[in-house]
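Data first, discussion second: the structure below is written as structure tokens.
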Amino acid sequence: MNDIRFDIASLHTAYQSGLGIAEVIDTVLARIEAAGDPGIFIHLATRAEMLAEAEALGSFDPVAKPLWGIPFAVKDNIDVADMPTTAACAEYAYTPDKDATVVAKLKAAGAFVVGKTNLDQFATGLVGVRTPWPIPRNAIDSKLVPGGSSSGSAAATARGIVSFALGTDTAGSGRIPAGLNNIVGLKPTVGALSTTGVVPACRTLDCVSVFALTVDDAYAVFSAAAAQDAADPYSRVVAVQPLAARPPVLTIGIPAKADLKFFGDASMLAGFEAALAALEALGARLVEIPFGDFYATADLLYEGAWVAERYAAIRDFFEANEAALHPVTRKIIGGARNLSAADAFRGFYALQAYKARLAPVIASVDLFCLPTAPTHYSVDAVLADPIVTNSRLGTYTNFVNLLDMCGIAVPTGTRDDGLPMSVTLLAAAGRDGLVAAVARDLHAASGLTLGATGWRQSGAQAVDASAEDGMIELVVVGAHLSGMPLNGQLKEAGARFCRSARTTPSYKLYELAGQTPPKPGLVRVGPGGAAIEIEVWRLGADAFGRFVAAIPPPLGIGTIELDDGTSAKGFLAETAGLAAATDISAYGGWRSYIARTNEIQRRLESVPSN
Numbered sequence: 089m090n091d092i093r094f095d096i097a098s099l100h101t102a103y104q105s106g107l108g109i110a111e112v113i114d115t116v117l118a119r120i121e122a123a124g125d126p127g128i129f130i131h132l133a134t135r136a137e138m139l140a141e142a143e144a145l146g147s148f149d150p151v152a153k154p155l156w157g158i159p160f161a162v163k164d165n166i167d168v169a170d171m172p173t174t175a176a177c178a179e180y181a182y183t184p185d186k187d188a189t190v191v192a193k194l195k196a197a198g199a200f201v202v203g204k205t206n207l208d209q210f211a212t213g214l215v216g217v218r219t220p221w222p223i224p225r226n227a228i229d230s231k232l233v234p235g236g237s238s239s240g241s242a243a244a245t246a247r248g249i250v251s252f253a254l255g256t257d258t259a260g261s262g263r264i265p266a267g268l269n270n271i272v273g274l275k276p277t278v279g280a281l282s283t284t285g286v287v288p289a290c291r292t293l294d295c296v297s298v299f300a301l302t303v304d305d306a307y308a309v310f311s312a313a314a315a316q317d318a319a320d321p322y323s324r325v326v327a328v329q330p331l332a333a334r335p336p337v338l339t340i341g342i343p344a345k346a347d348l349k350f351f352g353d354a355s356m357l358a359g360f361e362a363a364l365a366a367l368e369a370l371g372a373r374l375v376e377i378p379f380g381d382f383y384a385t386a387d388l389l390y391e392g393a394w395v396a397e398r399y400a401a402i403r404d405f406f407e408a409n410e411a412a413l414h415p416v417t418r419k420i421i422g423g424a425r426n427l428s429a430a431d432a433f434r435g436f437y438a439l440q441a442y443k444a445r446l447a448p449v450i451a452s453v454d455l456f457c458l459p460t461a462p463t464h465y466s467v468d469a470v471l472a473d474p475i476v477t478n479s480r481l482g483t484y485t486n487f488v489n490l491l492d493m494c495g496i497a498v499p500t501g502t503r504d505d506g507l508p509m510s511v512t513l514l515a516a517a518g519r520d521g522l523v524a525a526v527a528r529d530l531h532a533a534s535g536l537t538l539g540a541t542g543w544r545q546s547g548a549q550a551v552d553a554s555a556e557d558g559m560i561e562l563v564v565v566g567a568h569l570s571g572m573p574l575n576g577q578l579k580e581a582g583a584r585f586c587r588s589a590r591t592t593p594s595y596k597l598y599e600l601a602g603q604t605p606p607k608p609g610l611v612r613v614g615p616g617g618a619a620i621e622i623e624v625w626r627l628g629a630d631a632f633g634r635f636v637a638a639i640p641p642p643l644g645i646g647t648i649e650l651d652d653g654t655s656a657k658g659f660l661a662e663t664a665g666l667a668a669a670t671d672i673s674a675y676g677g678w679r680s681y682i683a684r685t686n687e688i689q690r691r692l693e694s695v696p697s698n
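For any residue, its number in the numbering used here is found by taking its place in the sequence shown, counting from 1, and adding 88.
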């Protein structure tokens, strides 16, 4: 029973082979007992309740219900019908008569709820110890904090009790616990998942997050739950495409060395450097970015406007039941009583200034890679100094929602002391699929086992390379390739990378004369040609039309035959434009030609002049 893997693909394969859902429920309960951790759950469904919910799903149908028979846990500030919502404060408890929107969508997709998980009270904290219930144990090392505020959700996932769990993330609560427990934590674009039925911390910044053992699972849950919700005024439409391959070349921003903060933890620094090396091995180009303004933005979160917002969320309860709050939570939220509306507006103005200053920085790279947490802390250390330790854990997380970014925390290795190493990949709002695609490959490259289960990662699942409804494939061969100067035009048009390929050996590639930046021209010649490396991207029909209309002569669009037997529209050159052009077909592609040209230039520049 305990050998049953709970990642979604494995569990669905087992169901297909005859596994009964009752056996899965019994496995859930057995793993809860084996964990011996009373701090994980605040409320558990009974076996009968779980079985009734699961049996209502009908026969196994992963097409109609992509999460059929998948057990999940819910952070106890998110409503589940007929289960108490406490936000880790017994006096606050109420029993909702309907599910939060995100829970309802996941149930509709076939998942069933195991129970409600512990948290830092009112989702205020990144440590996981600010609860009147027992403190959940870190699944990797019980001496360490589990991370918060979504502590129980992370622990339940890391131990394989559930396939995934919901958390919330305002300042890092969906990322820090993931990083400290060797699991994946997906923090979506704010508004992509409805917060209707979620006890607010900061309503303008809150988002529901997903903990899972793999990126594929986290993204599958995100895809099932994402939708605009008319009942949530902060909900918005975020296009969710299938998880696809990452572009071969990406520019990734990292904090400048002088701006890195590990608070003396040399093992975390070494782990981060190893993760960066893994990214470079995947083809990433790392660019150091000054991080002072990001840190200054993060500092705003616990000043003025957003502390006042936490107070506003529970003001009536706070004033009537102040003694019921955890002492640290009471101190933080109660501090808002001394703030004025002028303080709030001062914070809004400061944030807007940082947004304007950092917008071009964020746009200058494809995504960012940061340590998820700067260090690990023991429970004893946090209890001795609850404010400073919590603040330090948020070093690389607190600014993210303020700057409207999406992200995913992903395990990347084991530190030299055996503790988990994790990085967080971040990008601008709406680029959830890109960060997931890169995180997927980075996790696979680590070779890590999943959470605290000891389960090995499965072989990489094939990503969808088929055409999507309303999308047109476009072959690019030169300056629009990933990492090349004009690739940004594709991204601005909403294009998505599909795959790398080669043409049939029927083409020649030329460097066109007089082009800035340099551009190639692809010409079909038939026999005697060469196979040329290309990339296939996808655009919506309207964007494709606008993109094609802007192509300057001698380039145009024609049908290009690929060596995988497919064909697609792509860049071709008019033969009349080949005057003074240089045949570079022998290089096999524009990227190889540019790399060789740059190498020759470097060698020439290194020769001493007389």
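Don't be surprised by glycine CBs; every beta carbon is placed ideally from N, CA and C.
Counting the other Cβ atoms within 10 Å of the Cβ of aspartate 304 gives 16 or more, which makes it buried. Membership of alanine 656 in the beta strand (DSSP E) is indicated by the continuous run 655 to 661. Assignment of beta-bridge partners to alanine 372 by DSSP yields Leu338. Pairing lysine 204 with aspartate 164 gives a Cβ-Cβ distance under 9 angstroms.
One Cα belongs to arginine 291, the other to isoleucine 223, and the distance between them is close to 26 angstroms.
For the region 606 to 693, the full-length alpha helix (DSSP H) segments reaching 4 residues or more read 629 to 637 along the chain.
In this structure, the straight-line span from the alpha carbon of lysine 153 to that of proline 321 is close to 28 angstroms. With a cut-off of 8 angstroms on Cβ pairs, the region 462 to 469 is not in contact with the region 363 to 371, counting fewer than three such pairs. Taking C-beta separations shorter than 8 angstroms and ignoring five residues to either side along the sequence, the partners of valine 116 in its chain run Met138, Pro159, Val202, Ile249, Val250, following chain order. In the DSSP assignment, lysine 193 falls outside any beta strand (DSSP E) and within the unbroken alpha helix (DSSP H) covering 189 to 196.
In summary, glycine 616 is exposed, with fewer than 16 beta-carbon neighbours lying within 10 Å of its beta-carbon over all protein chains present. Linking glycine 285 to tyrosine 675 through their CA atoms gives a straight-line distance of about 58 angstroms. Distance from glycine 267 to glycine 235 at the Cβ level is roughly 7 angstroms; contact confirmed, criterion being Cβ atoms closer than 8 angstroms. Residue environment analysis places tyrosine 182 among the exposed positions, since fewer than 16 neighbouring C-beta atoms fall within 10 angstroms of its C-beta. Counting along the chain, proline 159 sits inside the beta strand (DSSP E) bounded by residues 159 to 163.
Here glycine 216 really is in contact with serine 239; their C-beta atoms are around 3 angstroms apart, less than 8 angstroms.
The DSSP-derived three-state label of tyrosine 598 is strand. Contact between the region 523 to 539 and the region 497 to 513 is present: three or more C-beta pairs spanning the two stretches fall below 8 angstroms.
Inter-residue distance for proline 330 and threonine 219 is about 38 angstroms (C-alpha atoms, whole angstroms).
With respect to the C-alpha of arginine 93, the residue from Arg519, Thr283, Leu301, Thr654 having the closest C-alpha is Leu301. Every unbroken stretch of the beta strand (DSSP E) spanning 3 or more residues and falling wholly within the region 520 to 588 is given here in chain order: 559 to 564. With a cutoff of 9 angstroms on beta-carbon distance, phenylalanine 310 and alanine 280 are scored as near each other. For the 9 angstroms CB-CB criterion, leucine 660 and valine 611 form a contact. In the three-state reduction of the DSSP assignment, valine 233 falls in the coil class. Sorting Lys231, Cys177, Ala227, Lys193 by C-alpha distance to the C-alpha of aspartate 208 places Cys177 at the top. The C-alpha of tyrosine 484 lies about 24 angstroms from the C-alpha of valine 326. Taking C-alpha positions only, valine 613 is separated from isoleucine 648 by approximately 12 angstroms. Between arginine 119 and the set Ala243, Lys186, Ala199, the nearest pair of CA atoms involves Ala243. With a minimum length of 4 residues, the unbroken runs of alpha helix (DSSP H) contained wholly in the region 371 to 429 fall at 380 to 387, 393 to 401, 403 to 408, 415 to 422. Just so you know, the alpha carbons of alanine 199 and alanine 346 end up roughly 46 angstroms apart. Nearest Cα to glycine 392 within the set Tyr399, Gly435, Gly658: Gly435. Closest by C-alpha distance to glycine 482, out of Asp671, Asp387, Ser323, is Asp387. Considering only Pro605, Pro608, Ser588, Ala683, the residue with the shortest C-alpha distance to alanine 332 is Ser588. Phenylalanine 360 and aspartate 185 have their C-alpha atoms roughly 45 angstroms apart. Ranking Lys275, Thr258, Tyr595, Arg425 by CA distance to the CA of alanine 289 puts Thr258 first. Following the DSSP letters along the chain, one finds aspartate 473 in no alpha helix (DSSP H), marked with neither H nor E.
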